[in-house]
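Chemist: Protein chains in written order, with my numbering: chain F, 1 to 318; chain E, 319 to 904.
By construction, the Cβ of each residue, glycine as well, lies at the ideal position given by its N, Cα and C atoms.
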Amino acid sequence: MPSSTTPGQLSPDHYVADLEETPLKAVDAVDESEKPRSSARDAWDSMRTRPLFWISGVLIVLVIVIALFPGLFTHVSPQTNSLSNSNAGARSGHPLGFTFQGYDVFSRVIYGTRASLLVGILATVLVTVVGVVIGSLAGYYGGWLDAVVSRIGDIFFSIPTVLGAIVVMSTITDRNPLTVALILALFAWPQIARIMRGSVISATATDYVMASTALGVSRFRILLRHVVPNAIAPVIVVATVSLGTFIVAESTLSFLGIGLPGTTVSWGGDIDNARTTLRTAPLPLFWPAAALSITVLSFLMMGDVVRDALDPKARARR
Amino acid sequence: MTTTTDTQTQAANGVVKGAPLLEIKGLNIGFKTQSGYVEAVRGVDLTLGQGETLAIVGESGSGKSTTATSIIDLLPGTGKVTAGEIFFEGRDLVKLPKPEISDIRGRLIGYVPQDPMSNLNPVWSIGFQVEEAIRANRVASGKDVRKRAIQVLEEAGLPDAGTRLKQFPHQFSGGMRQRVLIGIGLSARPKLLIADEPTSALDVTVQRRILDHLGTLTRDYGTSVLFITHDLGLAAERAEKLVVMYKGRVVESGPSQEILANPQHPYTQRLVAAAPSLASRRIQSQIAPSAVHGDAVAEAGSDDARRLQAAHEREQIAKHEAPDFIKVENLTKVYKIRQGGFKSTELKAVDDVSFEIPRGTTMALVGESGSGKSTVAKLVLQLESITSGTVTVGGSSVGALTGKDLFNFRRRVQPVFQDPYGSLDPVYSVGNTIAEPLITHGVGDSASRQARVRELLEQVSLPISMINRYPNELSGGQRQRIAVARALALKPDVIVLDEAVSALDVLVQGQILNLLTDLQSELGLTYLFITHDLAVVRLVADKVAVMQKGRIVESASTDEVFSNPSKEYTRDLLEAIPGANFAFGK
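Rendered as structure tokens:
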């Protein structure tokens, strides 16, 4: 405080706070006590405080374990049947009863998990990889590459995924989870590519990209090291959600009889088989459908949580 | 004018000036966050009389905007008044039910928001938005609404208001939009106008015209004004009373001239000392050239002779040594703007610009938005291609560089950008950000790079522990230090500072400017300093070039430009600096 002035010289409404109540900190001081927080860590902290994350997480882990080790959950084979059990109700050892053909419903639901999940995961991985690569190149390099890729994407975009898959699947004889996933991915990649393209374009226009250019970092390296990591978040969100929709799509195809062959146990196939007896015995249809809904729902919920965690705007709204 | 407004104006003019209109007592405001409850405002008291103007001054995060928005119950998100009273005309606004607050809002208390670019709805015409405000506050009805809207805009200083009503926000400049917002804020002749940084997004000359106009209007209507600002000069010039806030508390309040001439609280003293004004002098480095880097913050009143010596040496360099370390000749940049179809028009962003910068000195390029100054920076950095003219750095022509030569050129010329929140990649830790240039240019091995990163952090006065932090945890000033450290990593000769301190609070700005000056004398750096803020130029530059519409209109040494500006435009710019000639008590 300047020694030349005394409080007496101040006008009466000049208020000065007590220094002890308003301690001064050094300008722009660094709080060294805090732990480093990466954006990934922030996302994790945001996710783990949400019950929805734990509910969907536990369900997803359970579904994955069932898909990997179905034998742990049932000792009844899904492939053996006895017509004497046709549409029989639940009894000891067969908690969900039997289908029209006399298969054990519980066993079919457990063993059907693998095919459904496999198609879902395979299709999602394929779509994400293809969409990210194509979308980033188009958005980053722009020009004719962008024009051509975007128009090709639009053509595929205009064909509904399931309709396109129906057409192609009906011509294929060798149908297994991989071919089903490939064909679903063939019609679904433009969605991811579009999202990635837009996201890359906005990430390319940032100052840190310009700073890296000024450092002499090569264009392709900037794409790999700065643009893609910053543009990937929306794609992760959409991919998590689309995993659910791919499982549904597989079921749709199997239901229509052009998905997985009848010899592969799958939820879609079982729903199709139970359709004929829907009025007399609805339960053989209900159980695979319930398994499908719960699995898809848990992936959708997980997608929701991931979106909130990765998108700071959505997080702030809560 | 309708009868209602007539009586309101009379009432406003009839009151005794100074009788309290707004009284805030012991106000506490808290926000709920993920990590718990945070108090943003603690125990704030303030009194605003009829017809008075009061400014709340503080850094970002000091709680000044939070205090202002709580008056009209517009606290963002989870904000809540947890204690205290806000008396407006004898009624406690905190206890008032929502419908009554919303009746007061707009009709008795007007609000002018900060950012004119985002506060008008782009899908509705200007007329619709003004009329909406007039109807909502029941100022006029039926056909009178349109008449009143025209009147409001004319009063706010928009010529041709009748035809402008049909236009849309994107057809208006920032200054015009802010006039519309002021018009809306004053449309109901409120007794109190809250103006939250109303001009901080505008150029100084526009800011001055708008504030002059606002001052006249509120004086005529007898409106009290609550100004929120970070700019001390503006507060000194426009407000009778001042409240200084720091970390949610009021640290000093009273008559503004007295506080600024004779600040009592150490925080106010710091603010006043850091406020750049035309009376300030160039910052001199605390470190003699070639001295080993030591404690960056030297004690006050340090070796004056040595500092004078340093200044003298730099002046000598500026005068005598080869004046053309950086030489820009007839530089022109033309952008083609597509007009739909195959037509395109040309925009000359930079038009025949020439200047030289001697080694080890700072040249400032000053201009308002759209003057082409940032384009010049990009051309010097070779981030944009040159249309015609040459840029020579240390003897080699920049435009002709390709491949390996361009790569080597990047090593010598580095940028620091304006937005400290945008110039660091959020997924990179501080250590990786600073190491990137070293890795890119293959400097040293992993261990020596680590050592260099530590050395650089020390050079920009940041603790080594920052190495594992991420940009989102750091303040604007700290991020800007990281950006400076990254620019220094390759030991460049030239740093292009594109509005590098414009987004920072005044104290942090002062700190960064000191740092830059120290680094300059220590490392012999040459700066091209791009800014819109003439007061900052005074603090750092040896030479100044003033740009207007792509051309350099005046170019001379800093002292000449400031003491004897030869061009009308430069004089306008200088006069428009708020509180430019106010003697701050330093």
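Taking contact to mean at least 3 C-beta pairs separated by less than 8 Å, is the stretch 675 to 685 of chain E in contact with the stretch 828 to 846 of chain E?
Modeler: Output reads yes: the stretch 828 to 846 of chain E touches the stretch 675 to 685 of chain E.
Chemist: Work out the CA separation of isoleucine 389 of chain E and valine 412 of chain E for me, nearest whole Å.
Modeler: Computed Cα separation, rounded: 8 Å.
Chemist: Could you say if the stretch 412 to 432 of chain E and the stretch 366 to 379 of chain E meet the contact criterion of at least three C-beta pairs nearer than 8 Å?
Modeler: Flag = no, the stretch 412 to 432 of chain E and the stretch 366 to 379 of chain E do not touch.
Chemist: Helix, strand or coil for methionine 169 of chain F, going by three-state DSSP, please let me know.
Modeler: Note: methionine 169 of chain F maps to helix in three-state DSSP.
Chemist: With hydrogens ignored, establish whether the beta-carbon of leucine 137 of chain F is closer than 6 Å to any heavy atom of the ligand FMN.
Modeler: The ligand FMN is absent from the structure shown, which contains no ligands of any kind.
Chemist: Would arginine 728 of chain E be called buried (16 or more neighbouring beta carbons within 10 Å of its own) or exposed?
Modeler: Arginine 728 of chain E is buried by the Cβ-count criterion.
Chemist: In chain F, which residues lie with their C-beta within 7 Å of the C-beta of serine 571 of chain E?
Modeler: Going along chain F in sequence order, the residues near serine 571 of chain E (Cβ under 7 Å) are Tyr15.
Chemist: What did DSSP end up calling glycine 868 of chain E once you bin it into helix, strand or coil?
Modeler: In this structure, glycine 868 of chain E counts as coil in the three-state DSSP scheme.
Chemist: Identify, in the order they occur along the chain, each residue of the same chain with its Cβ nearer than 7 Å to the Cβ of histidine 226 of chain F, setting aside the five sequence neighbours on each side.
Modeler: The answer, listed in chain order, is Tyr208, Val209, Ser212.
Chemist: Are the CB atoms of lysine 722 of chain E and glycine 868 of chain E within a distance shorter than 7 Å?
Modeler: Cβ distance not < 7 Å, so glycine 868 of chain E and lysine 722 of chain E don't count as in contact.
Chemist: Candidates E:His759, E:Pro755, E:Glu791, E:Asn790: which alpha carbon is nearest leucine 774 of chain E's?
Modeler: It is E:Pro755 whose Cα lies nearest to the Cα of leucine 774 of chain E.
Chemist: Just verifying my parser: in three-state terms, what is the DSSP assignment at serine 218 of chain F?
Modeler: Serine 218 of chain F falls in the coil class under three-state DSSP.
Chemist: Taking just the CA atoms, how far does alanine 43 of chain F sit from leucine 310 of chain F?
Modeler: Looking at the two C-alpha atoms, the distance is approximately 6 Å.
Chemist: Do you know how far the Cα of isoleucine 577 of chain E is from the Cα of isoleucine 201 of chain F?
Modeler: Straight-line Cα distance between these residues: approximately 49 Å.
Chemist: Going by DSSP, what residue range makes up the alpha helix (DSSP H) through threonine 135 of chain F?
Modeler: Note on identity: in this sequence residue 135 of chain F is glycine, with threonine being the wrong assignment. Per DSSP, glycine 135 of chain F belongs to the alpha helix (DSSP H) from 105 to 141.
Chemist: Is the Cβ of alanine 614 of chain E closer than 7 Å to any Cβ of chain F?
Modeler: Any reading at alanine 614 of chain E needs caution, since the residue's pLDDT is 35, under 50, leaving its predicted position unreliable; the model's value is listed next. It does not: the Cβ of alanine 614 of chain E has no partner Cβ on chain F nearer than 7 Å.
Chemist: Pick helix, strand or coil for proline 733 of chain E, following the three-state DSSP scheme.
Modeler: Here proline 733 of chain E sits in strand by DSSP.
Chemist: Within 10 angstroms of its Cβ, does alanine 90 of chain F collect 16 or more other Cβ (buried), or is it exposed?
Modeler: Exposed, since its Cβ has fewer than 16 Cβ neighbours within 10 Å.
Chemist: Which residue's Cα is closest to the Cα of aspartate 174 of chain F: F:Ala188, F:Pro70, F:Pro51, F:Thr263?
Modeler: Measuring from the Cα of aspartate 174 of chain F, the nearest candidate turns out to be F:Thr263.
Chemist: Using a Cβ cut-off of 7 Å (strictly closer), state whether glycine 216 of chain F contacts chain E.
Modeler: Judged by the 7 Å Cβ criterion, glycine 216 of chain F is in contact with chain E.
Chemist: Please report the straight-line C-alpha distance between glycine 572 of chain E and aspartate 890 of chain E, rounded to a whole angstrom.
Modeler: Computed Cα separation, rounded: 31 Å.
Chemist: Does DSSP put arginine 567 of chain E in a helix, in a strand, or in coil?
Modeler: In the structure shown, arginine 567 of chain E sits in a strand (DSSP, three-state: E or B).
Chemist: Considering only their Cβ atoms, is the gap separating leucine 510 of chain E from arginine 497 of chain E smaller than 7 Å?
Modeler: No, they are not a contact pair.
Chemist: Within 7 Å of any Cβ in chain E, is that where the Cβ of proline 229 of chain F sits?
Modeler: At least one chain E Cβ lies under 7 Å of proline 229 of chain F.
Chemist: With 7 Å as the threshold, decide whether the Cβ of threonine 206 of chain F is near any Cβ in chain E.
Modeler: Output row for threonine 206 of chain F: interface = yes.
Chemist: To the nearest angstrom, how far is the alpha carbon of glycine 712 of chain E from that of valine 132 of chain F?
Modeler: Going by the C-alpha atoms only, they are around 43 Å apart.
Chemist: Using 8 Å as the threshold, is the stretch 832 to 839 of chain E in touch with the stretch 234 to 244 of chain F, meaning 3 or more CB pairs across them?
Modeler: At 8 Å Cβ cutoff, the stretches do not touch.
Chemist: If histidine 548 of chain E and valine 569 of chain E are in contact, beta carbons under 8 Å, what's the gap, nearest whole angstrom?
Modeler: Not a contact, Cβ separation roughly 15 Å.
Chemist: Considering only DSSP beta bridges, list what alanine 874 of chain E is partnered with.
Modeler: DSSP lists E:Val862 as partners of alanine 874 of chain E.
Chemist: Against histidine 759 of chain E, what residues of chain F qualify as contacts under a CB-to-CB distance less than 7 Å, listed in chain order?
Modeler: Result: Gly216.
Chemist: Suppose the cutoff is 8 Å on Cβ atoms and the five residues either side in sequence are ignored; what does the same chain contact list for serine 170 of chain F look like?
Modeler: Same-chain partners within the cutoff: Ile258.
Chemist: Checking the sheet assignment: what are the DSSP bridge partners for aspartate 410 of chain E?
Modeler: Paired residues: E:Phe405.
Chemist: Would leucine 52 of chain F pass as an interface residue toward chain E - the criterion being a Cβ-Cβ separation below 7 Å?
Modeler: Leucine 52 of chain F does not count as touching chain E.
Chemist: Does DSSP put leucine 857 of chain E in a helix, a strand or coil?
Modeler: Leucine 857 of chain E falls in the helix class under three-state DSSP.
Chemist: Restricting to Cα atoms, I'd like to know which of E:Ile528, E:Ser443, E:Gly795, E:Ser692 is closest to glutamate 817 of chain E.
Modeler: The option with the nearest alpha carbon to glutamate 817 of chain E is E:Ser692.
Chemist: Compare the C-beta of alanine 188 of chain F against all C-beta atoms of chain E and say whether one is closer than 7 Å.
Modeler: Alanine 188 of chain F does not count as touching chain E.
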